[in-house]
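**Q**
Given below as structure tokens:
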């Protein structure tokens with residue numbers, strides 16, 4: 011598992027830590043002399059590596075304490091020096107004395123004992139390594155490519171610390187490098203043999219496991235050099251190998267296979283750490299959102315998504331939005347993560363703060379700029395090919411026997427993510443916790459118990475939790491292990507936790523019942539999670555033919571809409587309680603992830619409800635073909651939305667009083683989207699008679715949600731709630747909702763960064779502001795102007811105008827489009843989509859002046875239509891960043907006599923229908939996966955096909971409201 015250490019710089023207080031380390035290093039030096047076979051130079055290498063490791067670990071644990079004591083000494087006047095830097099140096103001198111640390115024991119009673127445990131454990135682990143090196147070096151020639159020779163360099167800490175300071179180490183000797191692991195490598199050897207046995211049945215496979223020398227409680231592994239693929243063939247082999255690993259790990263119950271556990275060595279995908287095989291499957295969880303969602307979650311458990319190989323975004327506080335997967339973790343597609351840091355270092359006013367840091371570059375990719383979308387078919391092909399081999403070996407009666415090679419191998423169980431332990435560990439080492447250790451320990455136990463109650467597989471037993479906390483207090487990540495055989499799981503401190511009945515047999519039986527079609531769809535769908543945005547990629551091959559075929563547009567329109575809606579009905583997951591859901595890529599606070607649908611409109615159930623209701627309306631009007639089961643599906647979807655709303659009411663605060671983060675307020679992925687969904691359904695008479703009441707109940711949560719929001723945009727932020735609130739005021743006759751919208755508008759004005767008449771809203775992702783409708787100034791300006799049109803508030807109107815001025819300044823006359831400030835890889839400067847670019851900009855301006863009474867509206871509309879016609883077509887068909895979003899703008903431009911030269915809406919629809927005929931409905935990076943979402947998925951494609959009938963009066967869903 012990736013190291014859970016903080017990002018604190020180990021040089022800042024290193025001088026203060028020497029006195030804590032020196033005595034034990036002296037004892038270690040004396041003990042190393044007694045290790046037969048070590049040269050003096052090797053002893054120095056081991057000592058130096060130990061000192062480096064201890065300095066880093068102690069610095070990470072003690073920096074907050076030292077900063078606190080530094081500031082206390084400054085305030086008390088105990089630091090000599092004429093300036094802040096001199097007083098900093100004075101503090102380093104004071105804190106480097108043993109008496110300083112002895113004096114801290116009064117205020118921090120457990121501190122000295124914790125430090126001594128860390129130092130003693132790391133020194134003991136180093137001595138253990140030395141003995142193993144001295145006794146085994148003559149046997150390492152098979153791993154190093156020759157006689158190992160003398161130890162020349164050593165690095166401890168290649169991963170987390172477990173079991174009293176033990177870590178993976180990289181040893182460099184005359185013949186090369188070798189990996190030392192303080193655990194049994196029997197499972198590594200068994201996996202290597204298992205792959206070797208399969209190779210004759212799939213000769214093209216290049217996957218590998220490093221050679222290993224197992225010594226029981228520890229072992230040595232071959233060091234794998236990272237190497238980029240030399241050519242297209244090696245690239246193909248690597249990605250096909252990922253598919254082979256997916257099939258094998260699907261059988262063997264592999265998990266925790268993140269980016270640091272896979273190395274790309276040319277065309278070979280090498281798994282370098284495979285201790286987490288035969289992972290137990292957690293009991294199905296009950297989430298309180300209906301049986302369908304629980305059933306979908308149970309389907310997902312044990313699928314290919316649980317291995318860590320496929321892209322997926324973290325949801326933990328410190329890792330939200332980070333993709334640590336073995337095939338993901340793409341450069342340029344990771345958010346910066348907050349890490350504790352010393353601000354003002356080198357002065358007596360130093361303080362602890364958070365710095366945003368880029369994720370480190372792993373060695374899991376076969377090229378410096380991986381194009382996953384280009385190679386994803388190879389992943390699927392590899393998965394299919396290896397799955398067929400395994401099925402054939404199983405039918406031949408060989409597979410179960412081959413799996414017995416793992417019997418009795420020690421395996422690791424990971425019931426909690428290391429990120430969870432790291433966060434709790436940081437809390438336990440906080441100065442307040444060091445001062446009052448008992449309450450801190452109880453807080454940690456409460457958090458771990460709460461996690462066990464909410465997770466399907468985590469220890470809740472008091473003695474196990476107590477042992478986990480003991481490990482965290484001495485700088486270790488708790489470690490759970492078992493044998494691949496019937497027996498108990500051993501937890502930290504020798505505690506027992508649960509039992510495995512038959513891990514190998516269970517894995518084989520689960521594999522027999524696996525749904526390969528589901529796994530294939532999940533592999534396809536997971537691709538979107540590798541990217542921060544399911545973005546607009548103009549360099550991709552266009553799906554749009556240059557000329558339409560002229561076929562019957564009405565028949566094709568009906569056929570494609572009916573096909574999508576039929577697939578929607580057929581792919582639904584139903585619960586016994588009348589609920590329904592789907593498994594698909596969805597956009598949430600952490601980014602894209604494959605999961606059951608949330609309640610929002612953008613990728614969730616609200617969008618499905620609108621599509622189903624719209625299709626039924628058009629069917630009743632004779633403008634769409636009937637789809638069996640759609641009435642029942644709409645009822646189930648509305649019931650499921652109700653369950654989400656009931657859970658929102660129920661979970662406003664947890665039973666123990668802990669704060670629960672409210673949902674997003676936004677107009678597409680938040681409460682605002684659900685409000686206007688219910689308002690639309692009420693307009694159509696398809697709300698079960700309770701749409702206004704539902705919308706009002708949702709609006710009751712908006713003040714809390716808007717106060718907690720830091721996005722502010724239309725998509726997920728507070729701006730997206732303004733227009734739905736205004737419309738709810740009209741529908742309910744309650745002016746308080748318009749007042750709530752005005753308060754949001756006031757906050758947006760307060761937080762606007764206005765310079766030279768231009769306003770933007772700075773966000774963590776875009777500190778200089780950003781244009782566009784979904785995330786940027788156009789959407790916020792549109793919402794403020796709609797508010798001003800209602801309230802007459804001059805401040806709202808001025809800020810809206812300043813937002814539009816910022817957007818106008820982004821127009822690049824050379825490109826003929828608006829600059830995209832996301833700095834997407836590939837070098838494109840401008841965008842022409844709804845979310846970012848011309849489509850959203852044009853629709854927003856036209857909505858504010860639908861009669862084009864102002865010449866400025868016509869000018870913006872012409873620019874947007876030109877950019878859309880030239881750059882916004884051909885990548886996919888979806889509403890968000892595809893052809894049917896572009897069609898929406900160009901259709902409106904036609905009505906305003908602002909179409910570009912050569913553009914015909916009838917011909918464009920003909921070409922789009924031809925594209926659907928040739929390629930099927932495509933909606934972005936995960937083209938072949940079924941994505942029911944309304945904006946980025948096939949749901950929006952069907953919705954727009956309904957709207958393409960000349961008599962259709964369905965409103966657009968590209969602006970939040972009932973239009």
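Numbering (the working numbering), first residue to last: 11 to 973. Beta carbons: idealized from backbone N, C-alpha and C, even for Gly.
1. For a quick check, are the C-beta atoms of residue 820 and residue 884 less than 8 Å apart?
2. Mind reading off the beta-carbon distance from residue 956 to residue 625? Whole number of angstroms is fine, and I expect it under 8 Å.
3. Does the beta-carbon distance from residue 574 to residue 952 come in below 8 Å?
4. With burial defined as no fewer than 16 other Cβ atoms inside 10 Å of the residue's Cβ, what is the status of residue 751: buried or exposed?
5. Distance check for residue 621 and residue 687, CA to CA, integer angstroms please.
6. Where does the unbroken beta strand (DSSP E) through residue 774 begin, and where does it stop?
7. Which residue from 23, 646, 316 and 359 puts its Cα closest to that of residue 107?
8. What distance in whole Å lies between the Cβ atoms of residue 322 and residue 335, which are believed to be in contact at a cut-off of 8 Å?
9. Does the beta-carbon of residue 227 have 16 or more other beta-carbons within 10 angstroms, so that it is buried, or is it exposed?
10. Between residue 534 and the ligand HEM, is there a pair consisting of the residue's CB and a ligand heavy atom that are separated by less than 7 Å?
11. According to the neighbour-count rule (16 or more other Cβ atoms, all chains shown, within 10 Å of its Cβ), is residue 864 buried or exposed?
12. DSSP on residue 165, reduced to helix/strand/coil?
13. So within the segment 805-867, which uninterrupted alpha helix (DSSP H) runs reach at least 4 residues, ignoring any that extend past its ends?
14. Report the three-state DSSP secondary structure of residue 364 (helix, strand or coil).
15. Taking 8 Å as the cut-off, does the segment 347-357 touch the segment 249-268 (at least 3 CB pairs, one atom from each stretch)?
16. If you draw a straight line from the C-alpha of residue 104 to the C-alpha of residue 110, how long is it?
17. Can you check whether the CB of residue 185 is closer than 8 Å to the CB of residue 162?
18. Kindly give me the distance between the Cβ atoms of residue 118 and residue 445, rounded to whole angstroms, as I take these residues to be in contact under 8 Å.
19. What does the alpha-carbon distance come out to for the pair residue 463 and residue 592?
20. Taking C-beta to C-beta, are residue 943 and residue 653 nearer than 8 Å?
21. Taking only three categories from DSSP, how would you classify residue 548?
22. Closest to residue 829 by C-alpha separation, out of 265, 873 and 88, would be which residue?
23. Have a look at residue 499 and residue 187 and give me their C-alpha separation to the nearest angstrom.
24. When burial is assigned at 16 or more other CB atoms within 10 Å of the CB, is residue 333 buried or exposed?
25. When you compare each of 457, 165 and 421 to residue 283 by their alpha carbons, which one comes out closest?
26. How is residue 675 classed by DSSP in three states: helix, strand or coil?
27. When the Cβ atoms of the segment 796-816 are set against those of the segment 746-766, are three or more pairs found closer than 8 Å?
28. Leaving out five residues on either side along the sequence, give the residues of the same chain with a beta carbon under 6 Å from the beta carbon of residue 696.
29. Quick check: what's the CA-CA separation for residue 960 versus residue 689?
30. Assuming residue 997 and residue 165 make a contact with CB atoms under 8 Å, what is their CB distance in whole Å?
31. If I'm right that residue 138 touches residue 51 with Cβ under 8 Å, what's the distance once you round it to whole angstroms?
32. Distance check for residue 298 and residue 54, CA to CA, integer angstroms please.
33. Taking the straight line between their C-alpha atoms, what separation do you get for residue 19 and residue 167?
34. So for residue 247, helix, strand or coil by DSSP?
35. Can you list, in chain order, the stretches of the alpha helix (DSSP H) that have 4 or more residues and sit fully within the segment 629-660?
36. Do residue 709 and residue 685 count as a contact pair if the criterion is CB distance below 8 Å?
**A** In brief:
1. no
2. 6 Å
3. yes
4. buried
5. 11 Å
6. Here residue 774 belongs to no beta strand (DSSP E), and DSSP marks it neither H nor E.
7. 23
8. 6 Å
9. exposed
10. Ligands displayed in this structure: none; no statement on the ligand HEM is therefore possible.
11. exposed
12. strand
13. 848-858
14. strand
15. no
16. 7 Å
17. no
18. 6 Å
19. 25 Å
20. no
21. For residue 548, the predicted structure reports a pLDDT of 43, less than 50, and the residue's modelled location is therefore unreliable. A value from the coordinates is still provided. Looking at residue 548 - three-state DSSP - the assignment turns out to be coil, as it is neither helix nor strand.
22. 873
23. 33 Å
24. buried
25. 421
26. coil
27. yes
28. 623
29. 24 Å
30. Residue 997 lies beyond the range of the chain shown here (11 to 973); nothing can be said about it.
31. That belief does not hold up - the Cβ atoms of residue 138 and residue 51 are roughly 20 Å apart, past 8 Å.
32. 59 Å
33. Note that residue 19 has pLDDT 39, beneath the 50 cutoff, so the model's placement of it is unreliable and no number is given.
34. helix
35. 640-660
36. yes
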